[in-house]
Structure formats: structure tokens, C-alpha cells
Amino acid sequence: MQIVALATFLADVEKRAQATGVADIPVDALRNKGAGRTAKKRDLLARAAEHDSDAGTIVKSYF
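Take 1 as the starting number for the sequence shown in the working numbering and just add one per residue.
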């Protein structure tokens, strides 16, 4: 097992993202659109979005 500092790991991840072009893809294109979600999960996400909007925050989720 190898111990790696978080800052070193994140720098390596960023370097690989730049090298592969993943860093240039818009975030929404990478999100899971939730096409296979159950009705129960969609309801949970809708309630979370409603709760967060009451608190003045934005939920980034598709439901």
C-alpha cells in the first residue's frame, strides 16, 4: 500500500484530466441524468430540492 498526500493525488488527477480532455467537457454532460431512477428516489430528490430552495441553496440533481 502506498501513502499519497491528498494535494499530490489531486494534482495528478488534474494532470490526467487535462491530458485526456476530460477537463474540457462541461460538467452537466458528465452528470448522471437519472433515467433509471425509481419513483421513490425521484420523490426523495424532489423533496431535497424543495428543502434546499427554501434554504436558499441550489440542488444539482435531475429528478
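Positions of the beta carbon are idealized from the N, C-alpha and C atoms, including for glycine.
Cα separation between Ile-3 and Phe-9? Rounded to whole angstroms, Ile-3 to Phe-9 spans 10 Å at the Cα level.
If Ala-23 and Ala-29 are in contact, beta carbons under 8 Å, what's the gap, nearest whole angstrom? With a Cβ gap of about 12 Å, Ala-23 and Ala-29 do not count as contacting.
At what residues does the alpha helix (DSSP H) containing Arg-16 begin and finish? 6 to 20
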